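Colleague:
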Amino acid sequence: MIPQAELHRLENGLKVILVPSRRAPVVAHAIAYGAGARDETAGHGGTAHFLEHMMFKGSAEFGAGEIDRLTQDLGGSNNAFTNHDLTLYYFSFAADRWTLALDIELDRMASVLLDPHELDSERRVILEEISMYESEPWDALDQAVHRELFPEHPYGRSVLGTRDELAQIDREVLAAFHGRLYRPENAVLSIVGDMDPQRALAEVQERFGKIPAEPGAGRASERAIDKAGHRQGSSRVERVQGELSRMLVALPSPAGSSPDHAILRLLLAVLGSGRSSRLHRALVDEGQRCVWVSTDVQETLDAGVTMIAAEALPGVEPGEIENSVRLELARLRAEPPTAEELARARRMEVADWLFGHERVNQMAFLAATACTLFDLDHPMRYMDTLLEARPEDLLRVAQLYLDPEISSVFGWSLPE
Amino acid sequence: MSKAGMSEQSLGARAGLRHRIGRLAIRVERVPGLPLVALRTWLVAGSRLEPTPGLSLVTGRLLGEGTATRDWSRWATDVEDRGMTLQTTGSAETLGIALDALAEDAELAMDWLAELLLEPAFTGERLHWIRQQAAAELEGLLDQPDFRTGRAYLQQLYHPHPYSRPLQGSRADLDRIESADCRAFYRSAQAWGGCLVVVGDIDESAALKHLQDRLDADFPKQTATPPAVPDITGSDDLRRELVVGGRDQAHLFLGHLTVPRAHPDRIPLELAGVMLGAGPGMAGRLPFRIREQEGLAYAVDIATAAGAGLEPGRLTIYVATSPDQVAQAERAAREELARALGDGFSDDEFESARSFLLGREPFRRETLRQRADRLAEAEVYGLPSDRAGWIESVLRDLDRPTVEAALRRWVRPDDLRVTVGLPKT
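Protein chains in written order, with my numbering: chain A, 1 to 416; chain B, 1001 to 1425.
Given below as structure tokens:
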């Protein structure tokens, strides 16, 4: 699934994935750190995300704003994101100039500045970001549901942190987080595109090979978070915002490394992917009670969450929608999907995979993420499991993970 | 002469084969690589030509709701059984069908696209549902403060043109639409013309012949000229403030109309836009000042010809910020525009922006879906087919004074419309 991927490991522990692809004269570069919201210390929620912002605000060789200016000068693009499990930075460049990304990533891994003035300015920006998410009905509901489903586990906290927590994050907190987790042994670098793997590896070695290993650094020794993260039993969250009813149902999912995760994805495809899926028929095209419905499950390091979302037509009672969801979940727990449904879901997943990985930056994300959270073979193994799952596997996984009585949150954003 | 022989083989850098049926231009292009195929049909129509608000959107969606021999449910099952994706749309300027498939199903996909084009059913039962769905969808969008503010901004800019209203029209507009209206609008769109594009890992000649066999005899040959579109005057008020909901966050839109897609000043304006802040991250004058220097906002966007198509696009500066910082953000935006108009740009800024636009081009043609969309755009908007060569030569021929002159021609500080959406509290 990641064709021609080479995995190398430098002496200091940095993993390097090289995927040559000659379809276009471009190269995507991603570096992922095992450093997400789950790695933050108590009272300092938002540190991982704050640091991600600060990584663009100056390092020894690249001043504040210079990374964006240089990226533009060379006709590239860049960005970054933080989630609960990792932080990932990426660049896309024409094939003849991509090594600038290595220079930048090396410099900010080794010597990010964390200038106090820049830090104050960026804190204000993040406060605006928090306001933006709170104003959006779906984002606000999503945060409320996560808080309810994960009362103890970091997955229940907002990646952005709270306003109060942001006020507590100073240079020392950020520097400690950076020093602990922005290490070669806790990073995966992936380079995908029109490049020569041997030369690319030499370029990486020449730069990152200089950073010495630090025994015991990184996340590996700290991964053990209390796994009993999900709230037991079924609970509800209701908010009031806007003029429409919006439903977000959260159920526990296995960790992405579990073979059950792929089987659960297949079940969710039968449940809510495409117009022929069960929930789409029941709630949208036949039932005509919702504008749309969707299902999703993320591949997370720890046990995560399955989401079922729907936006109701005006006047439709939330109970009607909930009943349909409960009914369809019960059907999946009572008997496996039909052979036709399974074949359809599998084919859709394969096509989705192919269309979803045409871009070099998608491949770079996939490789870096897989190798940070699992291993490079994970995507292939995942698809194999998904394609080979037997009806009895589906039934077992449905009974384990799609029973609202075991653990669930029914979240509603109701009209004001 | 065989039907295939009637097609002109494209020349030079132009890849692929061409054909025409009435006003429907057909393009077929082989792109080796992943075993996929992307099909697009864009008929020139859209809300700008609709006689009833919402008709374009409803007609476009109904194209995917069933044909003479297959209802929506059968279509959904058949398409998804093959791992295809089908999306039909009615936008501001087109009625569109997008069908993506594995390459092994290319012929089947072409057969199905032909069926969708030739035999749409427009049944009353599906019309009823699509009207309901569209009305609720609009209400859901208007529930989002940024969208609601954005709609008010477009109303200010495009009044009384159809672009000043949502694609959905209103619930009352939607309730007035009948199946016969959709049928008539679709027939008109076929006569107004458009394009059909097939891109993927296919045999070009075989694919074109297949399309000809399916469409030549049956696709309508009559042509017609689209009706006149109302002139855009814009509203009289230069400033609007409205309460849009949400919490702690105001939405500031500032701008005015500029140029259509095919206008020669569009690319110079786009280059100026990069210098002002449409490039990567926080590069560019506006994001640098508003976000990096003054810490006023997380979201700062600028475009100099946003939404440019057959009608003019718009200069738009968007800032999401606290209500008490709106005035400061607006002042910063106005000052930066005035500085660009008065002092122009440096050579370094110019070369950086040009380099960015040249460098991003390969990423705009990276996927089959992008390639199919680019080809369809070229046909509908009258742009050169060889996008790569065209963009590169235009960008390389530009110089800083030309770009600054374009900015001065099209950016008018005294004419800026301002819309501010405020939270309830």
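We put the CB at the ideal spot given by N, CA and C, even for glycine. Owing to the predicted nature of the structure, the values given are computational and were not obtained by experimental measurement.
Taking only three categories from DSSP, how would you classify glutamate 286(A)?
Modeller: In the first sequence, the residue the question calls residue 286(A) occupies position 286. If DSSP states are grouped into helix, strand and coil, glutamate 286(A) belongs with coil.
Colleague: Can you tell me whether serine 1346(B) is buried or exposed? The criterion is at least 16 other CB atoms within 10 Å of its CB, across all chains shown.
Modeller: Against the second sequence, residue 1346(B) aligns to sequence position 346. So serine 1346(B) ends up on the exposed side.
Colleague: From the DSSP output, in three-state form, read off tryptophan 292(A) for me.
Modeller: Within the first sequence, the letter at position 292 stands for residue 292(A). Strand.
Colleague: With DSSP as the reference, please indicate the residues paired to tryptophan 412(A) in a beta bridge.
Modeller: In the first sequence, counting from the first residue as 1, residue 412(A) sits at position 412. Glu238(A) and Met247(A), per the DSSP bridge assignment.
Colleague: With DSSP as the reference, label lysine 15(A) as helix, strand or coil.
Modeller: As a first step, residue 15(A) must be located in the first sequence, where it is residue number 15. In this structure, lysine 15(A) counts as strand in the three-state DSSP scheme.
Colleague: Rounded C-beta distance between alanine 80(A) and glutamate 52(A)? I'm assuming under 8 Å.
Modeller: Position 80 of the first sequence holds residue 80(A). Position 52 of the first sequence holds residue 52(A). Indeed they touch by this definition, with Cβ atoms about 5 Å apart.
Colleague: Do glutamine 1370(B) and arginine 1240(B) come within 8 Å of each other at the CB atom, strictly closer than that value?
Modeller: As a first step, residue 1240(B) is located in the second sequence; it is residue number 240 there, counting from the start. As a first step, residue 1370(B) is located in the second sequence; it is residue number 370 there, counting from the start. Going by C-beta atoms, arginine 1240(B) is not nearer than 8 Å to glutamine 1370(B).
Colleague: Taking only beta-carbon positions, decide if aspartate 1081(B) is within less than 8 Å of chain E.
Modeller: Of the chains in the structure shown, none is chain E; the protein chains are A and B.
Colleague: Shortest alpha-carbon distance to leucine 402(A) belongs to which of Leu267(A), Asn361(A) and Glu322(A)?
Modeller: Your numbering for residue 402(A) matches position 402 in the first sequence. Of Leu267(A), Asn361(A) and Glu322(A), the residue nearest in Cα terms is Leu267(A).
Colleague: Please report the straight-line C-alpha distance between arginine 123(A) and methionine 55(A), rounded to a whole angstrom.
Modeller: In the first sequence, residue 123(A) corresponds to position 123, counting from 1. In the first sequence, residue 55(A) corresponds to position 55, counting from 1. So the two alpha carbons sit approximately 13 Å from each other.
Colleague: In whole angstroms, what separates the C-alpha of glutamine 303(A) from that of tyrosine 155(A)?
Modeller: Numbered from its first residue, the first sequence carries residue 303(A) at position 303. Numbered from its first residue, the first sequence carries residue 155(A) at position 155. The amino acid at residue 303(A) is misidentified as glutamine; the sequence shows alanine. Looking at the two C-alpha atoms, the distance is approximately 9 Å.
Colleague: Are the C-beta atoms of phenylalanine 1219(B) and some chain A residue less than 8 Å apart?
Modeller: Against the second sequence, residue 1219(B) aligns to sequence position 219. No, because no Cβ of chain A sits closer than 8 Å to the Cβ of phenylalanine 1219(B).
Colleague: Going by CA-CA distance only, name the one from Ala175(A), Glu392(A) and Leu283(A) that's closest to proline 318(A).
Modeller: Within the first sequence, the letter at position 318 stands for residue 318(A). The candidate whose alpha carbon is nearest that of proline 318(A) is Leu283(A).
Colleague: Express the C-alpha separation of aspartate 1100(B) and leucine 1055(B) in angstroms, rounding to a whole number.
Modeller: Against the second sequence, residue 1055(B) aligns to sequence position 55. Against the second sequence, residue 1100(B) aligns to sequence position 100. Whole-angstrom Cα-Cα distance: 25 Å.
Colleague: Quick one: grab the DSSP three-state call for threonine 87(A).
Modeller: Here residue 87(A) is taken as the residue at index 87 of the first sequence, counted from 1. In the structure shown, threonine 87(A) sits in a strand (DSSP, three-state: E or B).
Colleague: Given that glutamine 1168(B) touches chain A, what residues does it touch there, using C-beta distances under 9 Å?
Modeller: Indexing the second sequence from 1 puts residue 1168(B) at position 168. Those do not exist, as glutamine 1168(B) stays about 11 Å from chain A at its closest Cβ, beyond 9 Å.
Colleague: Comparing alpha-carbon positions, which option in Leu1398(B), His1256(B), Glu1292(B) and Ala1098(B) lies nearest aspartate 120(A)?
Modeller: Sequence index remark: in the first sequence, residue 120(A) carries index 120 (1-based). For aspartate 120(A), the nearest C-alpha among the options comes from Glu1292(B).
Colleague: Could you check how far apart the C-beta atoms of serine 1355(B) and glycine 75(A) are, in whole angstroms? I think they sit under 8 Å.
Modeller: Position 355 of the second sequence, counted from the first residue, corresponds to residue 1355(B). Position 75 of the first sequence, counted from the first residue, corresponds to residue 75(A). Confirmed, about 4 Å.
Colleague: Could you pull the DSSP bridge partners for glutamate 1178(B) from this structure?
Modeller: In the second sequence, the residue the question calls residue 1178(B) occupies position 178. Answer is none; glutamate 1178(B) lacks a bridge partner.
Colleague: For the putative contact between isoleucine 1021(B) and aspartate 1216(B), defined by C-beta atoms under 8 Å, what is the C-beta separation to the nearest angstrom?
Modeller: Numbered from 1 along the second sequence, position 21 holds the residue referred to as residue 1021(B). Numbered from 1 along the second sequence, position 216 holds the residue referred to as residue 1216(B). Indeed they touch by this definition, with Cβ atoms about 6 Å apart.
Colleague: Check distances from the C-beta atoms of the segment 231-247 of chain A to those of chain B and list, in chain order, the residues that come in under 9 Å.
Modeller: From the segment 231-247 of chain A, only Gln241, Gly242, Glu243, Leu244 and Arg246 have a Cβ closer than 9 Å to chain B.
Colleague: Would you check if the distance between the CB atom of arginine 231(A) and the CB atom of proline 151(A) is smaller than 8 Å?
Modeller: Counting from one through the first sequence, the residue named residue 231(A) turns up at place 231. Counting from one through the first sequence, the residue named residue 151(A) turns up at place 151. Yes, they are a contact pair.
Colleague: Let me see if you follow: with CB-CB separation under 8 Å, is asparagine 83(A) close to chain B or not?
Modeller: Numbered from its first residue, the first sequence carries residue 83(A) at position 83. Closer than 8 Å: no.
Colleague: Who does glutamine 168(A) pair with in a DSSP beta bridge?
Modeller: Walking along the first sequence from the start, residue 168(A) turns up at place 168. Per DSSP, none; premise fails for glutamine 168(A).
Colleague: Please classify glycine 1313(B): is it buried, with 16 or more other beta-carbons within 10 angstroms of its beta-carbon, or exposed?
Modeller: Along the second sequence, read from residue 1 onward, the residue named residue 1313(B) stands at position 313. It is buried - the Cβ of glycine 1313(B) has at least 16 other Cβ atoms within 10 Å.
Colleague: Hey, how far is the Cα of arginine 1183(B) from the Cα of arginine 22(A)?
Modeller: Taking the first residue of the second sequence as 1, we reach residue 1183(B) at position 183. Taking the first residue of the first sequence as 1, we reach residue 22(A) at position 22. Distance between the alpha carbons of arginine 1183(B) and arginine 22(A) is about 46 Å.
Colleague: I need the straight-line Cα distance from arginine 1048(B) to proline 1268(B), nearest angstrom please.
Modeller: Counting from 1 along the second sequence, the entry for residue 1048(B) is found at position 48. Counting from 1 along the second sequence, the entry for residue 1268(B) is found at position 268. Between arginine 1048(B) and proline 1268(B), the C-alpha separation is close to 26 Å.
Colleague: Roughly how many whole angstroms lie between the Cα atoms of alanine 60(A) and arginine 108(A)?
Modeller: Residue mapping note: residue 60(A) aligns to position 60 of the first sequence, counting from 1. Residue mapping note: residue 108(A) aligns to position 108 of the first sequence, counting from 1. Spanning the two alpha carbons is a distance of roughly 8 Å.
Colleague: From glutamine 4(A) to glutamate 134(A), what distance separates their C-alpha atoms?
Modeller: Counted from its first residue, the first sequence places residue 4(A) at position 4. Counted from its first residue, the first sequence places residue 134(A) at position 134. If I take the Cα positions, the gap works out to 43 Å.
Colleague: Whose CA, out of Leu1095(B), Ile1202(B) and Arg1126(B), lies closest to the CA of cysteine 1195(B)?
Modeller: Here residue 1195(B) is taken as the residue at index 195 of the second sequence, counted from 1. Answer by Cα proximity: Leu1095(B).
Colleague: So, for glutamine 168(A): in the same chain, excluding its five sequence neighbours on each side, which residues have a beta-carbon less than 7 Å away from its beta-carbon?
Modeller: The residue given as residue 168(A) occupies position 168 in the first sequence. Gly43 and His44.
Colleague: So if I threshold CB-CB distances at 8 Å, which residues from the segment 1349-1383 of chain B count as touching chain A?
Modeller: Within the segment 1349-1383 of chain B, the qualifying residues are Glu1351, Ser1352, Ala1353, Ser1355, Phe1356, Leu1357, Leu1358, Gly1359, Arg1360, Pro1362, Phe1363, Arg1365, Glu1366, Thr1367, Leu1368 and Arg1369.
Colleague: Any beta carbon of chain B sitting closer than 8 Å to that of valine 188(A)?
Modeller: In the first sequence, counting from the first residue as 1, residue 188(A) sits at position 188. For valine 188(A), the answer is no, since every Cβ of chain B falls outside 8 Å of its Cβ.
Colleague: Applying the criterion that 16 or more other CB atoms from any shown protein chain within 10 Å of the CB defines a buried residue, is histidine 378(A) buried or exposed?
Modeller: One-based indexing of the first sequence puts residue 378(A) at position 378. Label assigned to histidine 378(A): buried.
Colleague: In whole angstroms, what separates the C-alpha of glutamate 11(A) from that of serine 324(A)?
Modeller: Within the first sequence, numbered from 1, the residue matching residue 11(A) stands at position 11. Within the first sequence, numbered from 1, the residue matching residue 324(A) stands at position 324. Approximately 55 Å between the Cα atoms of the pair.
Colleague: My parser needs the beta strand (DSSP E) runs of 3 or more residues fully inside the segment 132-214 of chain A; what are they?
Modeller: Entirely contained in the segment 132-214 of chain A, the beta strand (DSSP E) runs reaching 3 residues are, in chain order, 187-193.
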